[in-house]
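Have a look at the structure below, then the notes.
Residue numbers (the numbering used here): 1194 to 1348.
Laid out in structure tokens, this is it:
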């Protein structure tokens, strides 16, 4: 049985405004304001989402003045957990996340511990990717897998 064509990939307007967005070359895309997450599928914005993070973003989520970054990101994780298929893709491999950035007050062990803990607590897949290009591919595969597994025609 054939899966219907993938709907347009929705890119959050904030990603585009700040020039951080992935392009998904060869796929239809549209820009819209997403309540949570950075990427989704048209018509499924409340079911599937991908949150994009760089290594600097990830470490920023762990700290900040008086824990502000952590509290803000935990709120985001709470919203992501409401989705049927949430995912966070980090533009850094797990080995790279284990190396503390020069300007971070958090040790690398905290980064890896948070990665494991938040995955369990919020039931959200977190995918570390070794490069920006791989991260985009992982996000695309996540959206395609959601579409394929939830929209196969019933026999």
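Every residue gets a Cβ at the ideal spot worked out from N, C-alpha and C, and that includes glycine.
Does the Cβ of residue i have 16 or more other Cβ atoms within 10 Å, making it buried, or fewer, making it exposed?
{"i": "residue 1167", "result": "No answer is possible for residue 1167: it lies beyond the span of the chain, which begins at 1194 and ends at 1348."}
{"i": "residue 1285", "result": "buried"}
{"i": "residue 1266", "result": "buried"}
{"i": "residue 1339", "result": "buried"}
{"i": "residue 1275", "result": "exposed"}
{"i": "residue 1290", "result": "buried"}
{"i": "residue 1333", "result": "buried"}
{"i": "residue 1345", "result": "exposed"}
{"i": "residue 1292", "result": "exposed"}
Return the residue from the list the options that minimises the CA-CA distance to residue i.
{"i": "residue 1272", "options": "1231, 1252, 1206 and 1328", "result": "1231"}
{"i": "residue 1353", "options": "1289, 1248, 1327 and 1310", "result": "Only positions 1194 to 1348 of the chain appear in this structure, which leaves residue 1353 out of reach."}
{"i": "residue 1335", "options": "1212, 1291, 1289 and 1217", "result": "1217"}
{"i": "residue 1326", "options": "1204, 1198 and 1215", "result": "1215"}
{"i": "residue 1288", "options": "1304, 1196, 1223 and 1339", "result": "1304"}
{"i": "residue 1328", "options": "1213, 1342, 1274 and 1306", "result": "1213"}
{"i": "residue 1307", "options": "1340, 1252 and 1296", "result": "1252"}
{"i": "residue 1225", "options": "1210, 1205 and 1219", "result": "1205"}
{"i": "residue 1229", "options": "1221, 1341 and 1203", "result": "1203"}
{"i": "residue 1199", "options": "1210, 1211 and 1223", "result": "1223"}
Can you round the beta-carbon distance between residue i and residue j to whole angstroms, since I take them to be within the 8 Å contact cut?
{"i": "residue 1240", "j": "residue 1208", "result": "Not quite, the Cβ-Cβ distance comes to about 19 Å (not below 8 Å), so this is no contact."}
Excluding five sequence neighbours on each side, which residues of the same chain lie with their C-beta closer than 6 Å to the C-beta of residue i?
{"i": "residue 1259", "result": "Any answer about residue 1259 is weak, because its pLDDT of 49 lies below 50 and its placement is not dependable; what the coordinates show is given next. Nothing listed; no residue qualifies."}
{"i": "residue 1220", "result": "1202"}
{"i": "residue 1296", "result": "none"}
Less than 7 Å between C-beta atoms, sequence neighbours within five positions excluded: which residues of the same chain meet that for residue i?
{"i": "residue 1323", "result": "1286"}
{"i": "residue 1341", "result": "1196"}
Going along the chain, which residues of its own chain have a beta-carbon closer than 8 Å to the beta-carbon of residue i, five neighbours each way excluded?
{"i": "residue 1318", "result": "1279, 1280, 1281, 1312 and 1335"}
{"i": "residue 1337", "result": "1199"}
{"i": "residue 1301", "result": "1290, 1291, 1292 and 1293"}
**Message:** Any contact between the region 1239 to 1247 and the region 1268 to 1288? By contact I mean 3 or more CB pairs, one from each, below 8 Å.
**Reply:** The region 1239 to 1247 vs the region 1268 to 1288: in contact.
**Message:** Contact between the region 1299 to 1317 and the region 1218 to 1236 is defined here as three or more beta-carbon pairs at a separation below 8 Å; is this criterion met?
**Reply:** Under the three-pair Cβ rule at 8 Å, the region 1299 to 1317 does not count as touching the region 1218 to 1236.
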